[in-house]
Amino acid sequence: MSKYLVSPSPHVHAPASTKSLMIDVLLALLPAVIVSVIFYGWGELMVLAVSIASCVLLEWAITKWLLKKPCTIADHSAIVTGVLLAMNLPATTPWWVVLIGAIVAIGVAKMTFGGIGQNPFNPALVGRVFLLLSFPTYMTHWEAPKGLWGLDATTGATPLGVIKEGLMQGSTVQDLMAEHGYSYSQMLFANLGGSAGEISALALLAGFVYLLCRRVIKPHITFSIWGTVIVFSGIMWLIDPAQFTDPIFNLLTGGMILGSCFMATDYVTSPMSAKGGIIFGVGIGLIAMLIRYFGAYPEGVSFAILIMNMTVPLLNKWFHQKKYGRA
Amino acid sequence: MAKRTFSIGGVHPDDAKIARDCAIEVLPLPQTVYISMAQHLGAPAKPIVAVGDKVKVGQVIAEPGGFISAFVHSSVSGTVKSIAPRKDISGNLMTHVEIAVEGDEWVEGVDLSDTLITKLPEREVALERIKACGVVGLGGATFPTHVKLNPGPNAKPECLILNGAECEPYLTSDYRILLERTKEIVIGAAIMKNILGPECKCVIGIEENKPAAIKAVEEAVVVLGYQDIDVMTLKKKYPQGGEKQLIDAVMKRQVKSGGLPISVGAVVQNVATALAVYEAVQKNKPLITNTLTITGDCVAKENLHNYLFRIGMPLSYIAEYAGGIPEGAAKLISGGPMMGKAIANLDACTVKGSSSILYLSAKATKRAEASACIRCGRCADACPMGLEPFLLNRLAKAGDMEQLEANAVQDCISCGSCQFSCPANIALLDRINMAKGQVLGIIRARAAAAKAAAEAAKSNEAK
Amino acid sequence: MTQSIIWTILILAGLGLVLALVLFFIAKKFKVEEDPRIDEVEKVMPGANCGGCGFAGCRAFADAAVKAPNLDNNYCPVGGNEVMKKVASILGYEVKEKAPMVAVVRCSGSCDKRPKTNDYDGLASCKVKAALYAGDTGCAYGCLGCGDCVEACQFGGITMDPETGLPVVDESKCTACGACSKACPKHVIELRNKGPRSMRVYVSCMNKDKGPAAKKACAAACIGCGICAKTCTHEAITVTDNVAYIDYTKCKLCRECEAMCPTGAIHGVNFPKPLDKEGIKARIAERNRKAKEAAEAAKAAAAEAAAKEAEPVKKEENNG
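Residue numbers (our numbering), protein chains in the order written: chain L, 5 to 331; chain R, -5 to 457; chain B, 512 to 831.
Take a look at the structure:
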């Protein structure tokens, strides 16, 4: 008898692997990447290239020389981090700032904790927030980007930034909206200033739907973020439409869609159970809206996700799956 | 009726029922059979024949070795050559009775005709025959059927669930007998229902991927006039055929952790068991035959088979007869790909519960190297018991028995859904199974200690 | 300005004082009275917390040792006699010296001697493998090679030899805590007497199969032939279930069994000289010849004596 394999059951495996899941996430991000490249042009391409290359290289170097562990870049997770980091940065970011972001994302936020699966915080977001706090000029100062084929994105600050600024100077939401000519269709289809990932809600949503269809992620975290944002900002808006922006504006601007669909749903840094996920989502929605309305920063999704990342171990401990026969 | 399924977890492996259209063929007798004394759950049987004895087909060759045990009968006629330890499919030694085949002479009183006998005997008579014929559950656990059908005076069986789910991919033996022996199975169900009492209902649950079987059984129920036997179409989802999952699907009730199905009024029996019960009770034929499937992703179409085998046939003999081990087979499995046992020794012999020889190619079965857990929670979503395999795996690694028990590792049914769905290819079940064994040992030891303490207290009181 | 500085200092100082008082009273109230000797004993312990003594760690051992009436049941295998002497002097007990032990791997089924019969594809854990089946060789008793013992050893004293696929004990690191022995599902690792200058003789096989089967599974197997037991003049060797075992308390390290073993299953280690097989065999043959002669002489003498005695008996019988 020649040698046959012997192992405990099960003897077959589902086709999904870590790599295939990461590829699905990359495919889901593709429409938004394409849109942002179209609108922001070569600058955006450069940011993407530097971010991806430095994330992958860093992970390779760290596993090889520092951790002396088997290299994990084949699972594509570093590429996902690279793309997400790039989508969180303006297209005008200098390459060395992107590199610093990648070092913080991969080196500090991911590999310090042991690599994939061990990081408590979303690496791309840690990178972004680090850059936001260290290089606020580059991160908030939006120069007029030159798109491919002469398509121009609007210049200046993001809508959130404009409104925050305006409200501080005593203006009202309605005036500011009218003054800058913001419309919902514009937000959906693209071309409001901001980072690459803030540009087209529709392209991001297409990716989100793809992830849902492929059962890569479950919708409860995203939906609970949206629900919370709608309810909370709805209440505030009804109270005082002059001081508070409306729910649809809040959903479609800034990093809300990117954050709720791609960053908050990151496996590693979100709770396992459905209940935990919903609470996680509600927390993100609330904190993001509190920062937007009352905080010093115009945008709060990144902070909100990072803050809620901290609660994940606790949520995992408190909320469990419903067990069979243990009502 | 809307299709039902169990409420927690589950996975959808490709069902790969490629041998479904192969009618059951009868395997010819080999020259020698080796009949294992451990063909059932519980204590091994004790041989009652001696070397040199002449035996006939259906003759008792071993008696139950305990309350939970079963008779074992000779599957051939011939001479007992030896009673000695022999390696089973795992390579572990177990007493086997070796019989050299001479002719095919059956013991008296066995009805070998095809005549359908519909008249049901008395409860006691039926139960006695089931016990005497050595019938055990053929769904996998091989629990002695007479014990399961006699749950005691305090139990209230409300529903007999006949398990025709056959949710394991590849396997088609249950499907074939549902098609070819439909009426016998239905009568077998009626016999068991009768034994369980007049208030007991009966539901035959079949997964939706077997429409022909569903139709055949529905017709047979009508033809035979059993209005109180329901046929239920179940959604295709693994592990539908798990006892607890089937009860959840059919009765919408869940068995408490550590409890038996009878605690919610359920008795689950496999369709193959129903057939064995029919043959035992109506034909007086002991359980010495069963159906197995020769299948696998690397098996040529003409070599796919469903065979009626006799217990004690060497697997190598069956494999040879069925066209040899196919080219490209990397793993040989007895049972389904999700819960079957890898065959380490092809010289081992068929037992009552054998259901297949499954040949899988390296592509289908070779395990990929495990990588780090990405906390995706797919294992927890897949677990039909609502457990958190990622957590259990971690606790098992750390050896934290207390937390393992608190997180219900003992509820695991070893269905393999977690490991099947893990994108990081972590051997979750390998380790969880280990931990489950240890925790169950601790629980048993505690229960025994508590019992001993209670008895000691009682005797002290008496004094 | 000055005022606010003064206030700050006062408030902080006051706060510190109050909290210090709280801490003081809590420490007083919840103080656990412990025998001070427990600390003393713990100090002299090796501090590995390996559990080799049967307690959870060194402190638990110290606690038990202080509470026990003597040291008969408490022995730290890691610290050995030296540490136990110290413990005994602290507690004023007598210490029973124990011979130093060492972990011994009783399997020689290396890859070339014990061919694989199948390819294990499950989790690399001996426990999992043992629970699943008899193993990936023809031998169901030997080392499974997944290295549970390596993982169990806290002292880095065991490594897997990639060539043989068997664990190797580093005697200089082994503390005889027994963790490897407990971790091995096949009980292949045994704690044995370390022996004078670390010299030991042991049967490096656990195979209980009958001779031919054992031989077929592994070229280095003990086939239960019993030659060693017959050879041994110290009654140290027993053969049960087709496998020999050398009782290390009786073994005199004469290496005769080692020389006579047909499969080389008996290992002698750390002897200064290599095994002189022929010399020992000749010695045994000579001894056997002498014994045979002596036995024959004795037999003859016995027969003579019996013949002499038989006559009067016959007479008595006749009388009776």
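Just so it is clear, CB atoms sit at the ideal spot from N, CA and C, and this is done for glycine as well.
Since we're looking at a predicted model, the values are computed, not measured.
Quick one: what's residue 186 of chain L bridged to in DSSP?
-> Residue 186 of chain L pairs with nothing; no bridge assigned.
Can you check DSSP and say which residues form a bridge with residue 704 of chain B?
-> B:612
Candidates R:2, R:211 and R:70: closest to residue 93 of chain R by CA position | The option with the nearest alpha carbon to residue 93 of chain R is R:70.
Pull up the distance between the alpha-carbon of residue 117 of chain R and that of residue 317 of chain L, whole angstroms please.
-> 57 Å
Sorted by chain position, which residues of the same chain lie with C-beta nearer than 7 Å to residue 297 of chain L's C-beta, five sequence neighbours on each side aside?
-> Within the same chain, residue 297 of chain L has close Cβ partners 240 and 248.
Roughly how many whole angstroms lie between the Cα atoms of residue 361 of chain R and residue 632 of chain B?
-> 7 Å
Do you know offhand how far residue 250 of chain R's Cα is from residue 262 of chain R's?
-> 16 Å
Nearest CA to the CA of residue 3 of chain R: which residue from R:442, R:375, R:429 and R:430?
-> R:375
Could you confirm whether any beta carbon from chain R is found closer than 8 Å to the beta carbon of residue 168 of chain L?
-> no
How far does the beta strand (DSSP E) with residue 19 of chain R in it reach, from first residue to last?
-> 18 to 20
Minimum C-alpha distance to residue 236 of chain R - residue among R:35, R:139, R:405 and R:382 = R:405
Could you check where the beta strand (DSSP E) with residue 299 of chain R kicks off and where it finishes?
-> 299 to 304
Using beta-carbon positions only, say whether residue 304 of chain R and residue 282 of chain R come within less than 8 Å of one another.
-> yes
Under 8 Å, do residue 287 of chain R and residue 349 of chain R count as touching if we go by C-beta distance?
-> yes
Jot down the residue ranges of each uninterrupted beta strand (DSSP E) in the region 31 to 99 of chain L, minimum 3 residues, whole runs only, in chain order.
-> As far as the region 31 to 99 of chain L is concerned, it has no whole beta strand (DSSP E) run of at least 3 residues.
What residues of chain R sit near residue 22 of chain L, judged by a beta carbon separation below 9 Å?
-> 365, 366, 368, 370, 417, 418 and 419
Interface positions of the region 621 to 633 of chain B facing chain L (Cβ-Cβ less than 8 Å), listed along the chain = 627, 628, 629, 630, 631, 632 and 633
Take the Cβ of residue 606 of chain B as the centre, count every other Cβ of all protein chains shown within 10 Å, and call the residue buried at 16 or more, exposed below.
-> With at least 16 other beta carbons inside 10 angstroms of its own, residue 606 of chain B counts as buried.
The region 370 to 388 of chain R in contact with the region 303 to 316 of chain L per 3-pair CB rule at 8 Å | no
Residue burial classification, residue 299 of chain R (beta-carbon count within 10 angstroms, cutoff 16) = buried
Apply the 10 Å Cβ neighbour rule to residue 217 of chain L and answer buried if 16 or more other Cβ atoms are within range, or exposed otherwise.
-> Sixteen is the threshold: since fewer than 16 other Cβ atoms of the shown chains lie within 10 Å of the Cβ of residue 217 of chain L, the residue is exposed.
Give the secondary structure of residue 420 of chain R by DSSP, where H, G and I count as helix, E and B as strand, and everything else as coil.
-> coil
What residues in its chain sit with their C-beta under 8 Å from that of residue 212 of chain R, if we drop five residues either side in the sequence?
-> Excluding residues within five positions, the ones whose Cβ falls inside 8 Å are 225.
Note down, in chain order, every chain L residue with its Cβ under 7 Å from the Cβ of residue 639 of chain B.
-> Contact annotation for residue 639 of chain B against chain L: 12 [CB-CB distance below 7 Å, chain order].
Backbone secondary structure at residue 254 of chain R - three-state DSSP = Three-state DSSP puts residue 254 of chain R in coil, outside helix and strand.
Could one say the Cβ of residue 295 of chain L lies closer than 8 Å to chain R's Cβ atoms, at least one of them?
-> The C-beta of residue 295 of chain L comes no closer than 8 Å to any C-beta of chain R.
Are the region 747 to 762 of chain B and the region 799 to 817 of chain B in contact at 8 Å, needing three or more beta carbon pairs?
-> No contact exists between the region 747 to 762 of chain B and the region 799 to 817 of chain B.
Taking 7 Å as the cut-off, is the CB of residue 178 of chain R close to at least one heavy atom of the ligand ATP?
-> Only the bare structure without any ligand can be found here, which leaves the ligand ATP out of the picture.
For residue 644 of chain B, return the contacting residues in chain L, with the cut-off set at a CB-CB distance below 7 Å.
-> 10
So what does DSSP say about residue 173 of chain L, is it helix, strand or coil?
-> coil
Members of the region 777 to 788 of chain B near chain L, C-beta cut-off 7 Å = none
Are the CB atoms of residue 619 of chain B and residue 731 of chain B nearer to each other than 8 Å?
-> Cβ atoms of residue 619 of chain B and residue 731 of chain B: closer than 8 Å.
CA-to-CA distance, residue 813 of chain B to residue 64 of chain R, given in whole angstroms | Their Cα atoms are separated by approximately 59 Å.
Would you kindly work out how many angstroms separate the C-alpha atoms of residue 351 of chain L and residue 170 of chain L, rounded to a whole number?
-> Examination of residue 351 of chain L is not possible in this model, given that chain L is present from 5 through 331 alone.
Alpha helix (DSSP H) runs contained entirely in the region 388 to 457 of chain R, provided each spans 4 or more residues = 395 to 400, 411 to 415 and 422 to 456
When the Cα atoms are used, what is the spatial distance from residue 157 of chain L to residue 76 of chain L?
-> Confidence in residue 157 of chain L is poor, its pLDDT being 47 and thus under 50, which makes the residue's placement unreliable; the coordinate value appears in the next sentence. Each residue's alpha carbon lies about 38 Å from the other.
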